[in-house]
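Trainee: Chains as they are written, first to last, in the numbering used here: chain A, 1453 to 1905; chain B, 190 to 682.
Cβ atoms here follow ideal geometry from the backbone N, Cα and C, with glycine treated the same way.
Being a predicted model, the structure only gives us computed values, none of them experimental.
Written as structure tokens, this is what we have:
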């Protein structure tokens, strides 16, 4: 442990063992080994932190574009002859005109738009120009007309969703080279896009539909959103909270405060510690076999997902609840018993309230874990492509087929279109925002209410 | 009477019970609460519990058992051949149930009258079309026998429901009456309430046992079913994994070896990444790092553990995979052409390793901190440097605990699903090349069980056999690891 620099003592005799102030070769070696060891530690930590940074960087860089979306602003003439042939503005007749009836109108509108901007292009047919728009654009116009039939016969300004290729071009995901092999859009379209983007007709705006919308078919990534999956996760977490908190707390109170030292108690404890380490997918198999195969609960329903995740979360909650019950000093119990409370009263009136902050913290962390869990949900049928309709009410929120955030992300990650990868990363940002909020609440609770005895 | 109504009545009865029992107790003490044995609210709670608890218990048991009993009564009408096969039996019963439910829905929506629903016949009216009108889709045309059974099912269910309502309400009223009669100023209401609460607490603790039992049974039954359709030795010793969904039970090869090989190989890569990084991080953080560094770095590292695995899966698929391909692929930096696609054992293993770093480091941190300070002081006193103390005193002392931690990490790695589903590829191969696509037990459970597979083909049921082996392996690892960790803790306590 000598780290002094060598200063040769002038004139002094050097005995064979060397001075204490000298660094002998052996000491040097030992000190070098010490430094090396320390460096290994620093390297290990740095690698871990670099991985973390790379992960977060990848999420943010790839996910942020999902929160904006490209739209084309254009005036569409809603010709009465096409949309209401009988001319009596009967809503039933108007509804009979499908999106195919609207497509030519949008095509014409695009032709005018291109002509007005004076873009030189070999594409001038509306049908081909329409490739720039999402196939959902016609539906957008149709819904507007059905909502307000008086629009027929007028010319209205619409902000229509651009196709995923145009969107990708605006975000730099798609370039001219990659379009060469793409049958959906030609480089000539991009010339038009460039021209229109220059004068603000094509613009990127914040994409609320991504946060509130529903999943879309594989060919329309520009329309897909997380909204329904978020609701699915919400209903599932409600089930988990309502079941796992009371059951977990009750089980911990029994084990910590009342259970006698015997085989039965040991058996319960062994069970809990093993369940905490069982792979989550096994809980999925359990959910499938018990809740769906045996109990005939509806497949893909958030309530089944919630039940399955409850069983998975229980051990976490029991372990943290027991820790916080244990941290309440015995003097509190003795004092309560001393003034005549029963054992049950001492626990419920004094120990439990004091342990509550710790219990809530543990519960929130358990919920956060359950929120990010994917594998069990896939087995009970809560796969992403189901999330296409909003539930009608609270009951259908629990019972109707739905998905959850992580399963929706998984579904997008599996789809072939790179536009869906952007959605998947964006979905991860939403998921992480929820997790971060929950963890922050847990940390604040702990800071605010934690007591040191 | 539907279950929700029964539930509401029970709740109402127990609320009424609370107030009348409280009143009666106070009245028996002449209005003076000091002469009562317990606080008045305990008399009330006692009556409320007596009304609700047994009734709810019976309601719950009845709701679980009734479908099972009816199922077994009805299914005795099925043809012998169908009955013998568990899968086909459950298919046929599902049909019966769907039709019965459909008829119920039709009645409740007013599309049919109740009599019409009872009298509906296959020839006279098209059952499938009529049910489709109310939004009940049937897969195939309804035959007379199935419809007959569906009608029987409805009849039995409605009689069952009537008896259920009667039984539950009698029990609730009886409980309430008994508790009310027993309410008296000398009655030990608090003790009785506390006994009831204690049994609720015990019941909650037993959920853990029930879960384990549920896991074991759901695995055993379906695994047994699988082995009755597929020879066990072909499963355990087969070297090919090629399920076919076209020919049912036809030419599928469901060999377990390639899957377990992939699982172990990927887990090994993950541990090779996680153990050194995690261990050195733990050593540095617990022995060298200053307090401020520790208080920043430790939570940051633990963030890695809080990130959901789907995020790691996507990271493997879209970031790490292409990156590795750029290095080891055909036109890569090294020009070695070891890797042909982004999804490979290496991709999944590497990312899984990152995920496990905080797991290994926080467990090892605890274990290193548990080594008594006296051992460090002794070593320093003899002139050892810090790293010598660590290597020659602390690590040997902490070794059993660290081995336990590594085993726990291994069981985590073996059970990990989303990272391998997205990152490792789908091809089952017995290869030694870490840059080749591989698949694992967990990934195949997901792929065999997602979708609308019915529980009667070996291709679906194999997932349960895989789940069983996974459960056994991880359970064994956990038990050994926990045993080592616990024994080690006792050593220094």
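Rounding to the nearest angstrom, what Cα-Cα distance links residue 550(B) and residue 471(B) in this structure?
Mentor: Cα-Cα distance, rounded: 5 Å.
Trainee: Does the CB of residue 1745(A) have a neighbour CB from chain B at under 9 Å?
Mentor: Yes, its Cβ sits closer than 9 Å to a Cβ of chain B.
Trainee: Does the region 1818-1834 of chain A touch the region 1649-1668 of chain A, meaning 3 or more C-beta pairs lie closer than 8 Å?
Mentor: In short, these stretches do not touch, since the Cβ pair count stays below three.
Trainee: Are the C-beta atoms of residue 156(B) and some chain A residue less than 9 Å apart?
Mentor: Examination of residue 156(B) is not possible in this model, given that chain B is present from 190 through 682 alone.
Trainee: With H, G and I counted as helix, E and B as strand and the rest as coil, what does DSSP make of residue 1610(A)?
Mentor: Looking at residue 1610(A) - three-state DSSP - the assignment turns out to be strand.
Trainee: Looking at the C-beta of residue 1796(A), does it have a partner C-beta in chain B at a distance below 9 Å?
Mentor: Yes, contact with chain B.
Trainee: When the Cα atoms are used, what is the spatial distance from residue 1612(A) to residue 1577(A)?
Mentor: Roughly 18 Å separates the two Cα atoms.
Trainee: What ranges does the alpha helix (DSSP H) occupy inside the region 589-649 of chain B, keeping only unbroken runs of at least 4 residues that lie completely in it?
Mentor: The region 589-649 of chain B contains these whole alpha helix (DSSP H) runs: 607-612 and 630-638.
Trainee: Is residue 1766(A) close to chain B? Criterion is C-beta to C-beta, closer than 9 Å.
Mentor: Output row for residue 1766(A): interface = yes.
Trainee: With H, G and I counted as helix, E and B as strand and the rest as coil, what does DSSP make of residue 445(B)?
Mentor: In this structure, residue 445(B) counts as coil in the three-state DSSP scheme.
Trainee: Quick one: grab the DSSP three-state call for residue 480(B).
Mentor: Helix.
Trainee: Suppose you measure from the CA of residue 660(B) to the CA of residue 1552(A); what does that come to, to the nearest Å?
Mentor: About 54 Å.
Trainee: Sorted by chain position, which residues of the same chain lie with C-beta nearer than 6 Å to residue 518(B)'s C-beta, five sequence neighbours on each side aside?
Mentor: Within the same chain, residue 518(B) has close Cβ partners 528.
Trainee: Residues in its own chain within less than 8 Å of residue 260(B) by CB, not counting five upstream and five downstream?
Mentor: Cβ neighbours of residue 260(B) beyond the five flanking positions: 282.
Trainee: I'd like to check one pair, residue 256(B) with residue 364(B): are the Cβ atoms closer than 9 Å?
Mentor: Against a cut-off of 9 Å, the Cβ pair of residue 256(B) and residue 364(B) comes out as no contact.
Trainee: Would residue 1699(A) pass as an interface residue toward chain B - the criterion being a Cβ-Cβ separation below 9 Å?
Mentor: Residue 1699(A) counts as touching chain B.
Trainee: If I follow the unbroken beta strand (DSSP E) through residue 1655(A), where does it start and stop?
Mentor: Per DSSP, residue 1655(A) belongs to the beta strand (DSSP E) from 1654-1658.
Trainee: Check each residue of the region 608-638 of chain B: if its Cβ is closer than 7 Å to any Cβ of chain A, include it; give the result in chain order.
Mentor: Cβ contacts with chain A: 611, 631, 634, 635 and 638.
Trainee: Would you list, in chain order, the members of the region 539-569 of chain B that have their beta-carbon closer than 7 Å to a beta-carbon of chain A?
Mentor: Within the region 539-569 of chain B, the qualifying residues are 543 and 546.
Trainee: Based on the DSSP output, what are the partners of residue 1585(A) in its beta bridges?
Mentor: DSSP, once it has assigned bridges, lists 1614(A) as partnering residue 1585(A).
Trainee: Can you find a CB in chain B that lies within less than 9 Å of the CB of residue 1866(A)?
Mentor: Cβ-Cβ to chain B under 9 Å: yes for residue 1866(A).
Trainee: By how many angstroms is the C-alpha of residue 650(B) removed from the C-alpha of residue 395(B)?
Mentor: Cα-Cα distance, rounded: 29 Å.
Trainee: Rounding to the nearest angstrom, what Cα-Cα distance links residue 1494(A) and residue 1716(A) in this structure?
Mentor: For residue 1494(A) and residue 1716(A), the distance between alpha carbons rounds to 47 Å.
Trainee: Determine the closest residue to residue 1671(A) out of 1588(A), 1885(A), 1523(A) and 1662(A), with distance taken between C-alpha atoms.
Mentor: If we check each option's Cα against that of residue 1671(A), 1588(A) comes out closest.
Trainee: Evaluate residue 1517(A) with the Cβ neighbour count: other Cβ atoms within 10 Å of its Cβ, from every protein chain shown; 16 or more gives buried, anything less gives exposed.
Mentor: That one is buried.
Trainee: Residues in the same chain with beta-carbon distance under 6 Å from residue 526(B), minus the five sequence neighbours each way, listed in chain order, please.
Mentor: Closer than 6 Å at the Cβ level, and outside the excluded window around residue 526(B), lie 519.
Trainee: Using the C-alpha atoms, what's the distance from residue 1625(A) back to residue 1869(A)?
Mentor: So the alpha carbons of these two residues sit roughly 12 Å apart.
Trainee: At the level of alpha carbons, what is the spacing between residue 203(B) and residue 379(B)?
Mentor: Cα to Cα, residue 203(B) sits roughly 17 Å from residue 379(B).
Trainee: Residue 1763(A) versus chain B: which residues are under 7 Å apart at the beta carbon?
Mentor: Correct list: 400.
Trainee: In the DSSP assignment, what residue or residues form a beta bridge with residue 1524(A)?
Mentor: In DSSP, residue 1524(A) forms a bridge with 1612(A) and 1654(A).
Trainee: Is residue 1887(A) near residue 1820(A), with beta carbons less than 9 Å apart?
Mentor: Contact: yes.
Trainee: Taking the alpha carbon of residue 575(B) as the point to measure from, which residue in 1793(A), 1723(A), 1744(A) and 1483(A) has its own alpha carbon closest?
Mentor: Checking every option, the nearest Cα to that of residue 575(B) belongs to 1483(A).
Trainee: Please report the straight-line C-alpha distance between residue 1498(A) and residue 487(B), rounded to a whole angstrom.
Mentor: The alpha-carbon atoms of residue 1498(A) and residue 487(B) are separated by roughly 12 Å.
Trainee: DSSP three-state label for residue 202(B), please.
Mentor: In the structure shown, residue 202(B) sits in a helix (DSSP, three-state: H, G or I).
Trainee: Taking residue 1758(A) and residue 1832(A) to be in contact with their CB atoms under 8 Å, please state how far apart those CB atoms are, rounded to whole angstroms.
Mentor: Going by Cβ atoms, the distance from residue 1758(A) to residue 1832(A) rounds to 10 Å, so no, they are not a contact pair.
Trainee: Tell me whether the beta-carbon of residue 1815(A) lies closer than 9 Å to the beta-carbon of residue 1697(A).
Mentor: Their beta carbons are under 9 Å apart, which means residue 1815(A) touches residue 1697(A) by this criterion.
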